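Peer 1: My questions will all concern the structure given below.
There are 2 protein chains.
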Amino acid sequence: MWQRWLSWLVTAFSENIHPGFCYNQTIMAFEFFKKKNEDNLPGKLSAGKEELFCYGFDASSSEGKPSAVVRPLNTQEVSDVAAYAFKNNVPIVPRGAGTGMTGGAVPLKDAVVLSLEGMNRIIDIDEKNMVAVVEPGVINFHLQERLEDVGLFYPPDPASMKFCTLGGNVAENAGGPRAVKYGVTKDYVLGLETVLPDGRVLMTGGRTYKGVVGYDLTRLLVGSEGTLGIITKIFLKVLPLPEETVTMLCTYDSLDAAAQSVSRITSSSVIPRALEFMDNESIRAVENYGSFGLPVDAEALLLIEVDGPRASVMEEAEKIASVCTASGGEVSIAEDMFSKQRIWDARRAISPALYRIRPTKINEDIVVPRGRIPEMLKELREIAEKNNLIIANFGHAGDGNIHVNIMTDKNNEEEYRSATKSVRDIFEATLKLGGTISGEHGIGLTKKQYVGMELSDVSIEIMKKIKNVFDPKGILNPGKMFPPDKY
Amino acid sequence: MWQRWLSWLVTAFSENIHPGFCYNQTIMAFEFFKKKNEDNLPGKLSAGKEELFCYGFDASSSEGKPSAVVRPLNTQEVSDVAAYAFKNNVPIVPRGAGTGMTGGAVPLKDAVVLSLEGMNRIIDIDEKNMVAVVEPGVINFHLQERLEDVGLFYPPDPASMKFCTLGGNVAENAGGPRAVKYGVTKDYVLGLETVLPDGRVLMTGGRTYKGVVGYDLTRLLVGSEGTLGIITKIFLKVLPLPEETVTMLCTYDSLDAAAQSVSRITSSSVIPRALEFMDNESIRAVENYGSFGLPVDAEALLLIEVDGPRASVMEEAEKIASVCTASGGEVSIAEDMFSKQRIWDARRAISPALYRIRPTKINEDIVVPRGRIPEMLKELREIAEKNNLIIANFGHAGDGNIHVNIMTDKNNEEEYRSATKSVRDIFEATLKLGGTISGEHGIGLTKKQYVGMELSDVSIEIMKKIKNVFDPKGILNPGKMFPPDKY
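Taken in order, these protein sequences are the chains called Z and Y. If you're matching positions, the first sequence starts at 1 in the working numbering and goes up one per residue. If you're matching positions, the second sequence starts at 1001 in the working numbering and goes up one per residue.
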């Protein structure tokens, strides 16, 4: 044990640790852990070259390098690390699986990454109270599977659901295709156990479905991107598993027709469980990537899913199908589990598939009011044409949430400059239509320079003061969420 | 015009205004309004005896007396009043219809009541985006009616829905019977325009269904009981009106059987739209009050409503009916609109009807995890027996939210002391079962002494600091929500 610990320390000393501050902090952190929990030490703190490299990324293009990686296994250990960090002014970045799209878990300012992947127990599936209690490191899909076994259902399903953690989902207020009917993560978080930056433990909410005692701190923590506290336990509302789902594809030979369908479906009497959109760029990229059998000539397609009681679900699907047909779409219903799965695999493959078009992806997730999808898609097409850029659009059209992907090449300086410039145009168009610059990915690092386009000075001032209430030393996930000059 | 204004001022001077501070403040307020908006003055500020009396109450037993009542008609006027109050350290209490159960709108410390009843426009029913935009003074039921006309649906339905305002609903995070399926007010608020205590206007959210830019200030403001800001515009999510509803009554000859039914229904695959409970005391009180045809011999009764597509709703109702029957209940389905209405009229009459039992009602609205209703009802029965008190229980059993009414007489000193003492016993039992002391009524004045039983010191400390971020002078609805010694 000691040998391993020493060898790590030597590695840390010799090449991996940022000079100055970090080295000393890391030594101190090692000492701290050594005292706290000598036997388990090596699993809990590391500064190996590979690890510092790996924990410097997430799914955005941002990059950092932590001074060390700490892996606590329970709330007490998180609290110990936080209290230590607070006392010694060590910046901490909480991290789940690192699947975030905006750099929220990327360490800046020589921060220590506090990885919650080891806290991955499903503590309780409480069928009687329709509540699941989990640790933050539980993979979203693992909970889904466990729940389905007993006829229960946790709706939020981000595209990364097979890898991402529920703690990360809570920190980012993750959405997913089912949000159009079932809402996003915040709609399921009944309570949280959170370690504050000074190590104190804050409990909010619990196993009840209602509660109005004091301010809603639970909801304030959801979506706070790890800047207010470190989430160590999550109480989630769960639902009965819907009896039946019907999955269908609808193809269009015009983008406008697809957009009009979306608008008509969202204002119809049926709420689909998913209403996903793909434009021709996305369809072709996916087919090029995996041959899923999508119609590459279609200008757009909608992936629509309806769920509910067996007695009514087919009728509802038919209602939606007739709306689609009336807008000029061609509908096909997935006949079996295999076809359903293939459609969803295609949908989930879009993000990686797009890299076949160009090596660099600038990925935004704007939202407009649901009826304004047609206008927004028109704006996006104009921005692409004006700047001679490839922009592939797909996403959760049912909530007005479009994933806008500018496909470019970082090494092509002129094109890249034009691409980054057009981000501002896209956001301007979004805000002009009454939208928001992020529906589910958050701000993190990649969007913080644009926050002032959407939020007023008053709003940013209040948020900064709230940050200060929770984190007076500014050591929890510093440098995120707020515009650079305002932080 | 001038004469009216002068006569009011004279009235204010001669008898109605609290001496000292208030008199001067009121004079200053008059002067301020005179300058701002001379023509509209008399409708906007008053200090008449009757008004000061009326605006000193809500639906709780709390009582206060404002120094004046201000009735702004738009955001600018609210902002002007707030800026004036901020500069002059005048406490302000925002108020909707005054139907609150915990004294949230009762003025303390010679506050000026800022009544939003004049801001009662439905600004927009935006069918395309499934959003309604309203001013805070709109009556809940008026919005419901307007929406139903166009096939839309706003679920939150507090018992006072025919009188209460949406601004008040937002401030209290109001619930209602439909919450068991559709959630509470916070689940429908997409955005808010809020005037801060210093007069600045804060805009949060808007017409989009998703949004993760910055901290969720919208949700922080919902349920903040008028202590953080004055809500001047509300963006609400609306749904398609369900095709069909089925309403049924289920009677039981034992309380336990009814409680077991609730527990089995909530963990079944059907989510009813309402799952209301009444005990024998409540049934008898209602029948004594209005002869609605409820079975007075029943030990308990469930009012259950199911909604959804025509094709499946009867099947779902039958599933629930069979769960009820299996627990020993006797089910009857309302055959027509008239019968449905009569059942709901009976349900909504409980609160006033209870006064027939005893003249004083101590009214709590505890919540326990949904499966623990049987245990909680047992605890309540024991507390009633031990203290020789009449406790009538009814409420939203489907969310575990029970309205506990200790019926007593304020003039019977000994009994009243025992009644108030038992409140603490009830809360202790609730918290022991993992519950919360308020599901939808809020804290206001009547519960603030008990807040420390539920919230930790850390939690209260953070909430107080957040209050201070929004209201550094502590002039917005002072003296509410926090335990007396901690405020």
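Note that beta-carbon positions come from the ideal geometry of N, C-alpha and C, so glycine has one too. Because the structure is a prediction, the values reported are computed rather than measured.
Looking only at its own chain, which residues have a Cβ that is under 8 Å from the Cβ of Val423 of chain Z, when we skip the five neighbours before and after it?
Peer 2: Once the five neighbours on either side are set aside, the close Cβ partners of Val423 of chain Z are Ile362, Glu364, Ile406, Tyr450.
Peer 1: Taking one C-beta from the stretch 1221 to 1239 of chain Y and one from the stretch 1460 to 1480 of chain Y each time, how about it: are there three or more such pairs within less than 8 Å?
Peer 2: Touching, yes, given that three or more Cβ pairs across the two stretches are closer than 8 Å.
Peer 1: Can you pull out the residues from the stretch 210 to 227 of chain Z whose beta carbon lies closer than 8 Å to at least one beta carbon of chain Y?
Peer 2: Within the stretch 210 to 227 of chain Z, the residues whose Cβ lies closer than 8 Å to some Cβ of chain Y are Lys210, Gly211, Val212, Val213, Gly214, Tyr215, Asp216, Leu217, Arg219, Leu220, Val222, Gly223, Ser224, listed in chain order.
Peer 1: Check each candidate in Z:Val222, Z:Met278, Z:Arg310 and name the one with the smallest Cα separation from Pro242 of chain Z.
Peer 2: Comparing Cα positions, the closest option is Z:Arg310.
Peer 1: Got a sec, what are the start and stop residues for the beta strand (DSSP E) Ile1357 of chain Y sits in?
Peer 2: Ile1357 of chain Y -> no beta strand (DSSP E), and no H or E assigned at all.
Peer 1: Going by C-alpha to C-alpha distance, which of Z:Met130, Z:Arg95, Z:Thr102 sits closest to Asn120 of chain Z?
Peer 2: Per the Cα distances, Z:Arg95.
Peer 1: Among Y:His1142, Y:Ser1224, Y:Ala1298, Y:Gly1206, whose alpha-carbon lies nearest the alpha-carbon of Gly211 of chain Z?
Peer 2: If we check each option's Cα against that of Gly211 of chain Z, Y:Ser1224 comes out closest.
Peer 1: For Asp1157 of chain Y, which option in Y:Ser1291, Y:Gly1444, Y:Arg1347 has the closest C-alpha, if you only look at C-alpha atoms?
Peer 2: Among Y:Ser1291, Y:Gly1444, Y:Arg1347, the Cα nearest to that of Asp1157 of chain Y is on Y:Arg1347.
Peer 1: Strictly by DSSP, which residues pair up with Leu302 of chain Z?
Peer 2: Leu302 of chain Z is bridged to Z:Cys250, Z:Phe277.
Peer 1: Mind checking if Pro1240 of chain Y is an interface residue toward chain A, Cβ cutoff 7 Å exclusive?
Peer 2: Of the chains in the structure shown, none is chain A; the protein chains are Z and Y.
Peer 1: What are the residues in the stretch 1182 to 1211 of chain Y lying within 9 Å of chain Z by C-beta distance?
Peer 2: Here the close residues are Gly1183, Val1184, Lys1186, Asp1187, Leu1196, Arg1200, Val1201, Leu1202, Met1203, Thr1204, Gly1205, Gly1206, Arg1207, Thr1208, Tyr1209, Lys1210, Gly1211.
Peer 1: Cα-Cα, which of Y:Met1337, Y:Val1458, Y:Thr1208, Y:Glu1454 is closest to Val213 of chain Z?
Peer 2: Of Y:Met1337, Y:Val1458, Y:Thr1208, Y:Glu1454, the residue nearest in Cα terms is Y:Glu1454.
Peer 1: Suppose the cutoff is 7 Å on Cβ atoms and the five residues either side in sequence are ignored; what does the same chain contact list for Asp1279 of chain Y look like?
Peer 2: These residues qualify, in order along the chain: Leu1255, Ala1300, Ala1392, Asn1393, Phe1394.
Peer 1: Taking Cβ to Cβ, would you say Ser1261 of chain Y is nearer than 7 Å to Ser1327 of chain Y?
Peer 2: Closer than 7 Å, so yes.
Peer 1: Give me, in chain order, the residues of the same chain whose beta-carbon lies closer than 8 Å to that of Tyr1252 of chain Y; leave out the 5 immediate sequence neighbours on both sides.
Peer 2: Once the five neighbours on either side are set aside, the close Cβ partners of Tyr1252 of chain Y are Ala1258, Ser1261, Ala1298, Glu1299, Ala1300, Leu1301, Leu1302, Ser1327, Gly1328, Gly1329, Glu1330.
Peer 1: Going by the CB atoms, is the gap between Asp399 of chain Z and Ala179 of chain Z shorter than 7 Å?
Peer 2: In contact: Ala179 of chain Z and Asp399 of chain Z (Cβ atoms closer than 7 Å).
Peer 1: Could you pull the start and end residues of the alpha helix (DSSP H) that Pro1374 of chain Y belongs to?
Peer 2: Per DSSP, Pro1374 of chain Y belongs to the alpha helix (DSSP H) from 1373 to 1387.
Peer 1: Hey, Val1238 of chain Y and Met1130 of chain Y: beta-carbon distance below 7 Å or not?
Peer 2: For Val1238 of chain Y and Met1130 of chain Y, yes; Cβs fall inside 7 Å.
Peer 1: Indicate whether Leu1354 of chain Y and Ala1285 of chain Y have their beta-carbon atoms separated by less than 7 Å.
Peer 2: Yes, the pair counts as a contact, with Cβ atoms nearer than the cut-off.
Peer 1: Please list, in chain order, the residues of the stretch 1269 to 1292 of chain Y that have any C-beta partner in chain Z closer than 8 Å.
Peer 2: Cβ contacts with chain Z come from Ser1269, Val1270, Ile1271.
Peer 1: Is it right to say Met101 of chain Z is buried, meaning 16 or more other beta carbons lie within 10 angstroms of its own, or is it exposed?
Peer 2: Met101 of chain Z is buried by the Cβ-count criterion.
Peer 1: In chain Y, which residues lie with their C-beta within 9 Å of the C-beta of Asp399 of chain Z?
Peer 2: Here the neighbours are Thr1208, Tyr1209, Lys1210.
Peer 1: Leaving out five residues before and five after Glu415 of chain Z in sequence, what residues of the same chain have Cβ atoms less than 7 Å from its Cβ?
Peer 2: For Glu415 of chain Z, where only same-chain residues beyond five positions count, the Cβ hits under 7 Å are Thr408, Asp409.
Peer 1: So which residues on chain Z does Leu1455 of chain Y lean against when the C-beta distance must stay under 8 Å?
Peer 2: Per Cβ cutoff of 8 Å: Val213, Gly214.
Peer 1: Cα separation between Gly1452 of chain Y and Ile426 of chain Z?
Peer 2: If you take the alpha carbons of Gly1452 of chain Y and Ile426 of chain Z, they lie about 48 Å apart.
Peer 1: Determine the closest residue to Thr1245 of chain Y out of Y:Ser1079, Y:Glu1428, Y:Phe1057, Y:Glu1316, with distance taken between C-alpha atoms.
Peer 2: Nearest option by C-alpha distance: Y:Glu1316.
Peer 1: Give me the chain Y residues within the contact set of Ala311 of chain Z, using Cβ-Cβ distance strictly less than 7 Å, ordered along the chain.
Peer 2: Here the neighbours are Ala1311, Ser1312, Glu1315.
Peer 1: Per DSSP, what kind of secondary structure is Cys1022 of chain Y in: helix, strand or coil?
Peer 2: Since pLDDT at Cys1022 of chain Y reaches only 40, below the 50 mark, its modelled position is unreliable, and no value is offered.
Peer 1: Lys1467 of chain Y by DSSP, collapsed to three states: which one?
Peer 2: Of the three classes helix, strand and coil, the one that applies to Lys1467 of chain Y here is helix, per DSSP.
Peer 1: Going by the DSSP bridge assignment, what does Lys1233 of chain Y pair with across the sheet?
Peer 2: Note: Lys1233 of chain Y sits in a beta bridge opposite Y:Glu1193.
Peer 1: Between the stretch 87 to 110 of chain Z and chain Y, which residues of the former have CB atoms less than 9 Å from a CB of the latter, in chain order?
Peer 2: Per Cβ criterion, the list is empty.
Peer 1: What does Val1131 of chain Y reach in chain Z if we use C-beta pairs closer than 8 Å?
Peer 2: Per Cβ cutoff of 8 Å: Pro369.
Peer 1: Check whether the stretch 1071 to 1082 of chain Y and the stretch 1103 to 1117 of chain Y touch, using three or more Cβ-Cβ pairs below 8 Å as the test.
Peer 2: Counting Cβ pairs under 8 Å, three or more are found: they touch.
Peer 1: For a contact meaning CB atoms closer than 8 Å, what does Met1463 of chain Y contact in chain Z?
Peer 2: In chain order: Gly214, Tyr215, Leu217.
Peer 1: I'd like to confirm the pairing. Which residues does DSSP put opposite Phe1057 of chain Y in its beta bridges?
Peer 2: Looking at the DSSP assignment, Phe1057 of chain Y forms a beta bridge with Y:Glu1063.
Peer 1: Roughly how far, in whole angstroms, is the beta-carbon of Lys1049 of chain Y from the beta-carbon of Pro1107 of chain Y, given that I think they are within contact range, below 8 Å?
Peer 2: Actually they are not in contact, since the Cβ atoms of Lys1049 of chain Y and Pro1107 of chain Y sit about 15 Å apart, beyond 8 Å.
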